[in-house]
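Residues 9 to 307 (my numbering) make up the sequence shown, in order.
Where a beta carbon is used, it is the ideal one built from N, C-alpha and C, also for glycine.
Presented below is the structure to which this report refers.
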Amino acid sequence: MEEAVRVFITGATGTIGTAILRKLVADGHDVTALTRSQSARQSVMAAGATPYAGDLRVPEDWARHAVTHEAIIHTATTFDKDMAEVDGRLVAALLEKVKKVRQRPRLLYTGGCWLYGDTSETSADEDHPFNPVPAFAWMVQHARQLLASPDFSTAVIHPALVYHAAGGVLESFMSAATCGQPIEIWGTLDARWPLIHRQDLADVYGALLVRCDLIGHFNAVAEEGVPVQQIADFIAHYSGSEHPHFVVPMDALITRHGAAALGPTLKQGMTAQKLQRLLGWTPKQLDYRASDLFIPRKN
9 MEEAVRVFIT
19 GATGTIGTAI
29 LRKLVADGHD
39 VTALTRSQSA
49 RQSVMAAGAT
59 PYAGDLRVPE
69 DWARHAVTHE
79 AIIHTATTFD
89 KDMAEVDGRL
99 VAALLEKVKK
109 VRQRPRLLYT
119 GGCWLYGDTS
129 ETSADEDHPF
139 NPVPAFAWMV
149 QHARQLLASP
159 DFSTAVIHPA
169 LVYHAAGGVL
179 ESFMSAATCG
189 QPIEIWGTLD
199 ARWPLIHRQD
209 LADVYGALLV
219 RCDLIGHFNA
229 VAEEGVPVQQ
239 IADFIAHYSG
249 SEHPHFVVPM
259 DALITRHGAA
269 ALGPTLKQGM
279 TAQKLQRLLG
289 WTPKQLDYRA
299 SDLFIPRKN
């Protein structure tokens, strides 16, 4: 087993962070997690980690403590209109506070597949130019700032769309089908989604955590680009739903959800060849249809 690392993590009770926290604790690392609510503190302690009270929107209150750790994993965002500003303050606080410590912490920053934009029939590797969904363009700039800092050993992880036993990115499809409602497909039937199970993603974070020599961008994906229509049809069939899916027009999506709604409408492919080459990483869950989200029914 690798030597234990003192890690500070944000977003430890979120979709991604929950699995990362369990992975880090299972690997024997000493984990401290930023928490704001009492329920989050209880969840963190139950997982075997130490909670640290703080607010993502006020990084000045906790960044000084975070940089004293050997590693920082940042997975949190507000997903509100202020998310760019909040993350910008967080990055600035970390870059300022880290100059006052003697060590060079490992930093894992979370980007995303939507930063590559529409890739059409191709699959983006780490050399593919960024063409981000405008609502998330700030991630590209913040990642560049961190990568340019000599005070951190930074790896930027770009997860594919994440699913898990409770649904994740597939939750709305599952919920509609099991409730006997038609599945909404956003924007177009031509959309393709790169996918990864969150446990496989947690393994990526765990592997890169202890490889401080690996810096730069890393794509984390198991299925390069699955047609969204295939996903909807499979889930409807699995759930016994007889309601056909329908497409929600783009203008209606923007009105309902704002500019971030463009993400699920993209025709995307993404590869993880860099991780496979440098770490020998291979995802365990290669097909969402055979995952723990779908429990075989008894006859």
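**Report entry** Cutoff 7 Å; reference V33; Cβ partners in own chain excluding five residues on either side
**Finding:** V39, A55, G56 and A57
Query raised in the report: Using DSSP with H/G/I as helix, E/B as strand and the rest coil, what is L289?
Result: Note that residue 289 is Trp in the sequence shown here, rather than Leu. Looking at W289 - three-state DSSP - the assignment turns out to be coil, as it is neither helix nor strand.
Query raised in the report: Taking K108 as the reference, which of D198, G125 and A74 has the closest Cα?
Result: A74
Query - CA-to-CA distance, E231 to R200, given in whole angstroms - result: C-alpha of R200 to C-alpha of E231: approximately 10 Å in a straight line.
Query raised in the report: Relative to the C-alpha of L286, which residue among A132, F226 and A100 is closest?
Result: F226
Query raised in the report: Three-state secondary structure (DSSP) at I204?
Result: In this structure, I204 counts as strand in the three-state DSSP scheme.
Query - Beta-carbon proximity check, R114 vs I80, cutoff 9 Å - result: yes
Query - Check whether F160 and L222 have beta carbons under 9 Å apart - result: no
Query raised in the report: DSSP state of S247, grouped into three classes?
Result: helix
Requested in this report: Along the alpha helix (DSSP H) that carries S47, what are the first and last residues, could you check?
Outcome: Q46 to A54
Requested in this report: Pick out whichever of P158, V148 and A143 has its Cα sitting closest to the Cα of H136.
Outcome: V148
Requested in this report: Give the straight-line distance between the Cα atoms of F181 and E192, rounded to the nearest whole angstrom.
Outcome: 7 Å
Query raised in the report: Whose CA, out of L217, A298 and T186, lies closest to the CA of E11?
Result: L217
**Report entry** F302 versus D259: straight-line alpha-carbon distance, rounded
**Finding:** 33 Å
Query raised in the report: For the putative contact between P167 and L209, defined by C-beta atoms under 8 Å, what is the C-beta separation to the nearest angstrom?
Result: 5 Å
**Report entry** Residue nearest to A2 in terms of C-alpha spacing, selected from H37, D63 and G36
**Finding:** The question about residue 2 has no answer, for the chain in this structure spans 9 to 307.
Report task. Return the CA-CA distance between H82 and A27, expressed in angstroms with no decimal places. Result -> 13 Å
Requested in this report: Measure the beta-carbon distance from Y296 to L197 and round it to whole angstroms, keeping in mind my assumption that it falls under 8 Å.
Outcome: About 18 Å separates the beta carbons of Y296 and L197, which is beyond the 8 Å limit, so they are not a contact pair.
Query raised in the report: Is E134 closer than 9 Å to G224 when the C-beta atoms are compared?
Result: yes
Requested in this report: Give me the Cβ distance between V141 and G125, rounded to the nearest whole Å; I'm assuming they're in contact under 8 Å.
Outcome: 7 Å
Requested in this report: Return yes when the Cβ of I24 is within less than 9 Å of the Cβ of R219, no when it is not.
Outcome: No, the pair does not count as a contact, with Cβ atoms beyond the cut-off.
Query raised in the report: Hey, L154 and Y117 are a contact pair by Cβ (cut 8 Å); roughly how many whole angstroms apart?
Result: 6 Å
Requested in this report: Can you grab the Cα-Cα spacing for the pair R264 / E78, in whole Å?
Outcome: 42 Å
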